[in-house]
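Protein chains in written order, with full-length UniProt numbering: chain A, 1 to 699; chain B, 1 to 296. Ideal placement from N, C-alpha and C gives every residue a C-beta, glycine not left out.
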């Protein structure tokens, strides 16, 4: 029922459901048209309280009617239907009133809402405005603080102090009248001045830069000039070579030598440098000489520089070769057995290989004899060897016994005690030798030269026995400290050997060459004569029965030279076995005697023989003669002859034997025997004659 | 004879010289210190070496103990004889006798206390003093040597009191016969002469070479060593080493040593020391058994 009624009133109701805006429009529509029924307007006119009362009344009426209907229905009857119908219509009317009231209520509600809404909107708009304004205020405040905080860049510039400013700035900038009072103007003025100054300085800077550029260019030009000078100087040097030779100042030659020296292995280089220095120092000392430098020591380098350079070629080529040759060798071993030994031999040769360069030293002695020393370096063994040769001004005729004196093999033997040069001084070499089956270097010294210890020292190589080092490097100071002593020893050695050489020639002819300044050591008449002088071998010396003492005392080494001399007088024969130490004449020759006369007498059975030996061996210092004491051996031999004379002449006559004494006493002796040992008068006091008198015995 | 030789050491000039010296060294004299701990030995170079007997004889003796404690140059010529008093060591060689304090002798640089030269007749040469003998009762020293005389020197005053002449050739050795007191001297002339010290006269003469048992004419007649203990005498040299009975002047025992001996000493009737031709002193602890040798 209600839906029907709503349908009827739909068009009017639709209009009243619109928004207040539409309501407004509706109002205006209503005003314009005046046809439509406007409930909104009615709402404004009606009183809500009365409507409420109406509502309550209607509800009551409805309730009443319903109750009546109910009653009527329950009663039943005929006229009930009409009454019910009547009531029904009434209730329908009430229902319609209710609906209207409902609609009115809704419209009122809506209106109320719209009004609230409007008011709210207004409040919102004001609120927004307020917020906007507040925001702007805040913004402005921020801006103000920013402005207040603003630091102008000009404050960061260190301006010159005020006093300076007023002093220096020109008046049109400083404008003192204006700026004094006004800080703002003052700052402006100062800034102006700053700017002015900076401009000036920038100007200066540019100027300086351009100057620098100019100067750099000039320098370039001059450098060019100088570098073009070098080739010209070289050409002058070349041109001056003939002049150098004329003036005996071979700079170029020395230069070339130094060039070659750069390719020397380190020990040879040390030797070269030290020897040259020593040679020059010696030459300087003799400055009284004319400019023609008297070279007692000259140093030269021999050998092939190219080979030396080739040693340092990169090993790839050689490795390839090796692998090729290995392959070849593998093939050939099947065919030829002996290659194994050949291989070992090659390995040995490789191990003992010498550096292609060698240093030659020529030592000239006073009598114009020269000792030529050639120093080699064995690369794999890290040792140096030397070969020696002595040449004399005049041709030497070598006596038979002097064969070993100047032989290259032994002339430098034991220059320092014990330095026989037959063993390698580098202990590490032993392991290398074991690998290739070399027993000792002795077998190869003839070919390679002798590895003396002094040679290693001259090359700066030091092989300490206690702590074997892995790598031994050549040391200049070691070489320098040994150079002078070694050179002096070498010279003494050559000269003493040459002196002996000459003396041997005379001894072989049976003449003891006593020089005139040594004659005072001996009496005028010496009857015993030297009849034989020969060399004997070391083994033969050891076999002799009267040399046992010397052998046991360790004085008969295989580095010594051995000789046999025979002195005779009448039936008496005196054999003297001589040990000549390579260190002659600082180390004296040692004599061992055996007298064959009325039996064999040696130092073991005759004290006087012992005394004779003592006179010659222990008292040798009296027999040295003038320095450099090359006369020692000959003086000792002469003394031996004198001693034999004394011995034979003072021998007491044995009463049991018939006949006169074989040797009449010719020497003047005060006493025939002396002391508990009954010594014969062996001491000779010049010119008192022979006596057992006091003489300074050696202590 | 064995020698310990350092073969490894290369022989420089010094080592060669020292080796030669040692080979040609002769020890002529020896003397034991009053305390008995040290032995002094003098050689032909004029050096005296002091050995420590206690160290050498001890059970822990090493090679080092047989080396001298100190060695010094005492005389210019050989030191032919030495004796010890209770405080001094007296050494004699070429012509003069020197005294050294035993207490000072072990210090380095020891200097002689005094030196004396007996009055010699000739001035052509200075004769050597071959033998020294102490006479403790008289506190005197007897020297004998190259001038064929025996000189007595008073040890307190240093003056030479007597000169005993009789030998025809130089005197080799002396011995003291305490009981009498007599001095025995043996010489180059082959005779052993006995002298009475109180009368300064020769009392007895034994010409050893005239006795056939001991004479060795091929050696000569000289007597080089003498020792006596008042009844007995041992002497030797050219003739063989013989033990004599003094009162009867007869030889009793002849020792079979071929080489002429230089020194012989009785020591507590047990030890017989004899030095030969070497730089060594052989020590015999029992008759005939050589225990060890001291080396210069």
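Residue i and residue j closer than 9 Å at C-beta
i             : j             : result
residue 574/A : residue 595/A : yes
residue 226/B : residue 186/B : yes
residue 297/B : residue 67/B  : The structure shown does not extend to residue 297/B, since chain B is modelled only from 1 to 296, so the question has no answer here.
residue 93/B  : residue 128/B : yes
residue 83/B  : residue 134/B : yes
residue 147/B : residue 122/B : yes
residue 636/A : residue 682/A : no
residue 494/A : residue 396/A : no
residue 564/A : residue 531/A : no
residue 520/A : residue 579/A : no
residue 279/A : residue 384/A : no
residue 588/A : residue 160/B : no
residue 401/A : residue 508/A : yes
residue 648/A : residue 663/A : yes
residue 270/A : residue 479/A : yes
residue 378/A : residue 352/A : yes
residue 414/A : residue 583/A : yes
residue 408/A : residue 425/A : no
residue 421/A : residue 390/A : no
residue 644/A : residue 567/A : yes
residue 546/A : residue 623/A : no
residue 241/B : residue 228/B : no
Interface partners of residue i on chain A, CB under 7 Å
i            : result
residue 20/B : 590, 617 and 618
residue 80/B : 675 and 676
Residue i: contacting residues in chain B (beta-carbon distance under 8 Å)
i             : result
residue 586/A : 13
residue 500/A : By Cβ distance, chain B contributes nothing, its closest Cβ being about 18 Å from residue 500/A, past 8 Å.
Under 9 Å by beta carbon: chain A residues contacting residue i
i            : result
residue 16/B : 417, 555, 581, 583, 587, 588 and 590
residue 28/B : 675, 676 and 677
Proximal residues of chain B, C-beta to C-beta of residue i below 7 Å
i             : result
residue 613/A : 24
Cβ-heavy atom distance, residue i to the ligand MN, below 8 Å
i             : result
residue 151/B : Judged by which ligands are present, the structure shown has none, so any question about the ligand MN falls away.
Residue-chain proximity (residue i, chain E), Cβ-Cβ < 9 Å
i             : result
residue 627/A : Absent here is chain E; the protein component of the structure consists of chains A and B.
- Give a yes or no on contact between the segment 199-213 of chain A and the segment 224-235 of chain A, applying the rule of three or more CB pairs nearer than 8 Å. no
- Closer than 7 Å, Cβ to any Cβ of chain A: which residues of the segment 125-139 of chain B, in chain order? 125, 126, 128 and 130
- Message: Beta carbons nearer than 8 Å to chain A: which residues of the segment 217-239 of chain B have them?
- Response: 217, 218, 220, 222 and 224
- Okay, do the segment 482-497 of chain A and the segment 449-457 of chain A touch, 3+ Cβ pairs below 8 Å being the bar? yes
- Query: According to a CB-to-CB cut-off of less than 9 Å, which residues of the UniProt repeat "WD" (164-205) of chain B neighbour chain A?
  - Reply: 169, 170, 172, 173 and 188
- Query: Which runs of the alpha helix (DSSP H), 4 residues or longer, sit entirely within the segment 222-273 of chain A?
  - Reply: 229-247 and 251-261
- Determine which residues of the segment 142-162 of chain B have a Cβ less than 9 Å from any Cβ of chain A, and write them out in chain order. 145 and 146
- Message: Within 8 Å, do at least three Cβ pairs link the segment 16-34 of chain B to the segment 55-75 of chain B?
- Response: no
- In chain order, which continuous runs of the alpha helix (DSSP H) of length 4 or greater are located wholly inside the segment 466-546 of chain A? 476-508 and 538-543
- Take every Cβ of the segment 523-532 of chain A, pair it with every Cβ of the segment 486-505 of chain A, and state whether three or more of those distances are shorter than 8 Å. no
- Message: Three or more C-beta pairs under 8 Å: does that hold for the segment 301-308 of chain A against the segment 358-367 of chain A?
- Response: yes
- Message: Is it the case that the segment 508-518 of chain A contacts the segment 618-631 of chain A, given that we only count it when at least three CB pairs across the two stretches are under 8 Å?
- Response: Contact between the segment 618-631 of chain A and the segment 508-518 of chain A is present, because at least three Cβ pairs lie under 8 Å.
- Message: Could you check whether the segment 90-110 of chain B touches the segment 169-180 of chain B, counting it as contact only if at least three pairs of C-beta atoms, one from each stretch, sit closer than 8 Å?
- Response: no
- Please name the residues in the segment 545-571 of chain A whose beta-carbon is closer than 9 Å to at least one beta-carbon of chain B, in chain order. 549, 550, 552, 553, 554, 555 and 557
- Query: Which whole runs of the beta strand (DSSP E) in the segment 5-46 of chain B are 3 residues long or more, in chain order?
  - Reply: 27-32 and 38-43
- Query: Where in the segment 118-157 of chain B do unbroken runs of the beta strand (DSSP E), each at least 3 residues long, occur, reported from the N-terminal end onward?
  - Reply: 129-135, 140-145 and 149-154
- Query: What are the uninterrupted segments assigned as alpha helix (DSSP H) that are 4 or more residues long and contained completely in the segment 594-673 of chain A, given in chain order?
  - Reply: For the segment 594-673 of chain A, whole alpha helix (DSSP H) runs of length 4 or above, ordered along the chain, are 607-617 and 632-650.
- Count the C-beta pairs between the segment 215-227 of chain A and the segment 188-196 of chain A that are closer than 8 Å, then say yes if the count reaches three, no if not. no
- Message: Three or more C-beta pairs under 8 Å: does that hold for the segment 78-97 of chain A against the segment 58-67 of chain A?
- Response: Segments in contact, yes.
- Length-filtered (3 minimum) beta strand (DSSP E) runs lying within the segment 177-227 of chain B: 182-187, 191-196 and 201-207
- Task: Ignoring anything shorter than 4 residues or poking outside the segment 39-100 of chain B, list the alpha helix (DSSP H) runs there in chain order.
- Result: You should have 53-57.
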